[in-house]
Each structure stands twice: as C-alpha cells, then as structure tokens.
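Engineer: Just so we're aligned: 302 in our numbering is position 300 of the sequence shown, and the numbers increase by one with no gaps anywhere.
All C-beta atoms in this analysis are idealised placements derived from N, C-alpha and C, irrespective of residue type, glycine included.
All values reported here derive from a predicted model rather than from experimental measurement.
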Amino acid sequence: MKRTLVLPLLALLAAPAIAQPAPAPDYRKPESWLCKPGAKDPCSGDASTSRVAADATVTLDMLPAAKKPKIDCFYVYPTVSTDPTPNSDMTADPAELGVAQAQAAPFRQACRVFAPLYRQVTLATLRDRMMGKPVTADPTMGLRDVSAAFADYMKHDNKGRGVILIGHSQGSGVLKALMQTEIEGKPVAKLIIAAYLAGHNLLVPQGADVGGDLKSTPLCRSSMQTGCVVAWVSFRDTMPVPPASLFGRPAASAPAGMAVACTNPAVLTNNPSGAGRTALRPLMVNRTGIVDNGTPAPKWAKGRNIYTPFVALPGLLTGECMTRENANVLSVGINADPADPRTDTINGDVMVGGQVVPGWGLHLIDMQVAMEDLVDLAKTQGQAWLRRRGK
3 MKRTLVLPLL ALLAAPAIAQ PAPAPDYRKP ESWLCKPGAK DPCSGDASTS
53 RVAADATVTL DMLPAAKKPK IDCFYVYPTV STDPTPNSDM TADPAELGVA
103 QAQAAPFRQA CRVFAPLYRQ VTLATLRDRM MGKPVTADPT MGLRDVSAAF
153 ADYMKHDNKG RGVILIGHSQ GSGVLKALMQ TEIEGKPVAK LIIAAYLAGH
203 NLLVPQGADV GGDLKSTPLC RSSMQTGCVV AWVSFRDTMP VPPASLFGRP
253 AASAPAGMAV ACTNPAVLTN NPSGAGRTAL RPLMVNRTGI VDNGTPAPKW
303 AKGRNIYTPF VALPGLLTGE CMTRENANVL SVGINADPAD PRTDTINGDV
353 MVGGQVVPGW GLHLIDMQVA MEDLVDLAKT QGQAWLRRRG K
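1) From L248 to W362, what does the alpha carbon distance come to, in whole angstroms?
2) Which first and last residues belong to the beta strand (DSSP E) in which A233 is found?
3) Determine whether the beta carbon atoms of L204 and Q182 lie at a separation below 8 Å.
4) For the putative contact between Y120 and L376, defined by C-beta atoms under 8 Å, what is the C-beta separation to the nearest angstrom?
5) How about V331 and V243: do their beta carbons lie closer than 8 Å?
6) I need the boundaries of the beta strand (DSSP E) containing R326, first residue and last residue.
7) Out of D85, F312, A139 and L364, state which residue places its alpha-carbon closest to the alpha-carbon of L65.
8) According to DSSP, is I73 helix, strand or coil?
9) Could you pull the DSSP bridge partners for N330 from this structure?
10) Select from T347, A67 and G214 the residue whose C-alpha is nearest the C-alpha of P298.
11) Smallest Cα separation from I168: which of K157, R114, R53 and R146?
12) Where A153 and L180 are concerned, what is the direct C-alpha to C-alpha distance, given to the nearest angstrom?
13) Are the Cβ atoms of V123 and V78 separated by less than 8 Å?
14) Which of helix, strand or coil does DSSP assign to W362?
15) Pull up the distance between the alpha-carbon of S333 and that of R279, whole angstroms please.
16) Considering only the beta carbon of each residue, do V212 and A261 sit closer than 8 Å?
17) Which residue marks the beginning of the beta strand (DSSP E) containing L62, and which one marks its end?
18) What are the partner residues of P80, as DSSP defines its beta bridges?
19) Do R131 and V137 have their C-beta atoms within less than 8 Å of each other?
20) Please confirm whether G47 and Q103 have their CB atoms less than 8 Å apart.
21) From C264 to V235, what distance separates their C-alpha atoms?
22) Tell me, please, whether the region 87 to 97 touches the region 54 to 63 by the rule of three or more beta-carbon pairs shorter than 8 Å.
23) Less than 8 Å separating the beta-carbons of A200 and H170?
24) For M373, which residues in the same chain have their Cβ closer than 7 Å to its Cβ, ignoring the five residues on either side in sequence?
25) Rounded to a whole number of angstroms, what is the C-alpha to C-alpha distance between C45 and F76?
26) Kindly identify the DSSP beta-bridge partner or partners of Y198.
27) Would you check if the distance between the CB atom of L36 and the CB atom of P86 is smaller than 8 Å?
28) V377 lies in the alpha helix (DSSP H); which residues open and close that run?
29) What residue from A56, Y29 and Q383 has the CA that sits closest to Q227's CA?
30) Taking its Cβ as the centre, do 16 or more other Cβ atoms sit within 10 Å of E33, making it buried, or is it exposed?
31) For A56, which residues of its own chain have a beta-carbon under 7 Å away from its beta-carbon, when the five flanking residues on both sides are left out?
32) Where in the region 95 to 119 do unbroken runs of the alpha helix (DSSP H), each at least 4 residues long, occur, reported from the N-terminal end onward?
33) Can you pull the DSSP bridge partners for N89?
34) If you draw a straight line from the alpha carbon of E184 to that of K301, how long is it in whole angstroms?
35) In this structure, how does DSSP classify F152 when only helix, strand and coil are distinguished?
36) Measuring straight from C-alpha to C-alpha, what distance separates T290 and G305?
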C-alpha cells in the first residue's frame, strides 16, 4: 500500500514560486468544483453512520441533509493529491473525492456545501522536500485558485447568505490567507459566520483571542458567537509533543510573544465552562484513513461488521486544549475499557515504514475527532447569525 503524508501549507512557504503565475481555473465550469449544491458529488453521497456503543450495540444514522438550509459552507481540502506533478491538476483523484466525503459531507446537515478543486501542492512535492530534493511547486497557486472560486461563489451563489469557512491542513492555510487578503476589513466579513481551521498553526498573541495571523477575527469562545475562528491541532495524550513537531509551536521566524491557537470544538457545543476534559463526538471514516498510510481501520467492535462509511463512537474520546512540552494542542484521550467489546484504539497517526511519525500527532484525523461537535456548532452559529439579521 502507498504510504503518504498530509502537508500543512506552512511547510512549503519557502518553496520558490514560478516567475509568471498561471491563470486561475474557470469556476463557472461545473467540473472546477469538487462539491456544489445540486450535483452528484462526494458531499451529497452516502454519509450513513454506525453508532457503536460501549456494549457493541450498533444503531444506524443516515446523516440526512438539511432541507433548504439558510447558510453555506465553503470547504478547502488538505494535501491529498496523488498527482505526480508539483502542483495538482483540476481533475479529482480518488483521494480528493474521499477526503471531501470524510470532512465535508457531514456538514450538509447544517449548510449548502461548496468545495472548489484547486491546484494544491501535492504529496509528491512533500515527499521530495522531506528527502531534501529541490522542488518547483508554486505555493501561491492554491490561494489564487481558491480566491477565484470564492469570488465566483460570492458573485453567483451567495446572495447575502452567511457562510462558514472550513479547512484542514493546507486547506486551512489557504483559507487563513484568503481571510487575510480578501475578507478582513472588507464588507464580505459581515457574511462570515465562522472559520474552522483545523490542523494548522494559527498564531495569536499569548493569552489573547485576536491579533497575530488574523487582525480582526477573534477565536470563538461561545457557540453563539459569530465572526470568529476555531483552530486546533491534535495529539494523543499518551504521546509527547516532540521538539521537532510540525504543529503546536510558532515557527522560529514568528514574532515574539505569539502562541498557536487552540479552541476545542466540543467545549463550544457542550461544555460552556471550558474546564477540564470534554467528551468529543468523533465521526471516523470506516476505511484505511483519509490518506492511505498503510494502517487499516480498527475493528470497531468484537463480533460486529461495520459497512457504513462513517462510525460514531459515543463516549470513547475526550479532548482538552493544553500546553504540553511548550506546545498548545488539543490533547485527545481514549476512554479504553478492555472489558467491553468496543475498540480501545483509533487510527489517525502518520506512519512511515510501519512506524508512527510523532511530530505529526493525530493530524490525519484533526477534524474527525470532533466532527459531530463541528456540525452542531455550525448549526448553532448559523442560527445565531440568522437571528441577529432577522432572517
């Protein structure tokens, strides 16, 4: 099986850009979109979920789409392209289709989902950089594409609707840059319900909720708050955050006094006090993983075969934003009980040669560990935004 990794946009900012940028794709063409309302795509496909209780009782949930949702979600996917070129093409490969199903399809319970294809920096480029080889990828191409897609969405589809920006890893980095260049300080900012930027080092001043990477968009501290951002990076609570970790600490080049933001989605939905560990509501993918790294999905429960695309594991995971080894991370714990028939583990580590790469933490499942919390948060924040505007 292929062993691949996902990539934060941050890791490629030093890559040389091409001299003359290629023009953005035509987002008037349906084929330029991975997901769009009314299309048969991974965001509208099967999202059925098996809820596996601790006693191995399994119930089925179809995760139906909301009827006539009044808000939108604009999703930008992480580094998953298997194209051999430095930047990906505009044809969705199975990995891009799969990640949209895993990370974007559940949000259809709350919003219309828009997800542009974009010419991201590929996994091939990531491997070359990790091996010390020269790379020729254009790290700004993805932002140009997503900016063009967002402009097309605003012109032709938005019509004054509130929108939630959703990204992971490279997708979060692109959306952060979009907010910096195209949203903050502009009229469109009033339409941003929230931004969910998973698996990316979003910097804020130590102890503050606003400033740093985003100058006017604060961290979300309530499910009723809008115009705010939720950001986190995930690590197992049983594994230290190594000094060379890619996540949780500002880069050496960052201004003094900055910290990596951590907002726990579960705190916003079911623990207003924010104190201590909070139960997470994961929605795991029932296959090898968002990116194939050779690790099969766990056996979710002894004696039970699960065939749905998603698996919910109520009560299994907890999470807490913590400073560990001088890193700010969402520390994820497993309420394992060897005496019950349900799984005592989850997959989500980056693996190379059968070994965990500890510096990546649970990067592959940053979103999955709290997916149902995020969907509920999208519903609540969307309703709050609509009420404030009398809609």
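Structural biologist: Reading from the atomic positions:
1) About 6 Å.
2) C230 to W234
3) Not in contact: L204 and Q182 (Cβ atoms no closer than 8 Å).
4) Incorrect: roughly 22 Å between the Cβ atoms, too far for contact.
5) yes
6) L319 to R326
7) F312
8) coil
9) T325
10) T347
11) A check of alpha carbon separations from I168 across K157, R114, R53 and R146 identifies R114 as the nearest.
12) 11 Å
13) The answer is no: Cβ separation not under 8 Å.
14) helix
15) 9 Å
16) no
17) Looking at the DSSP string, the run of the beta strand (DSSP E) that includes L62 is V60 to D63.
18) For P80, which the question treats as bridged, DSSP gives no partner whatsoever.
19) yes
20) yes
21) 7 Å
22) no
23) yes
24) P108, P284 and L285
25) 12 Å
26) I168 and V232
27) No; because the gap between Cβ atoms is not below 8 Å, this pair is not in contact.
28) M373 to R390
29) Q383
30) exposed
31) Hits under 7 Å: G317, D339, D342 and R344.
32) 96 to 105
33) According to DSSP, which records beta bridges pairwise, N89 is partnered with V123.
34) 45 Å
35) If DSSP states are grouped into helix, strand and coil, F152 belongs with the helices.
36) 20 Å
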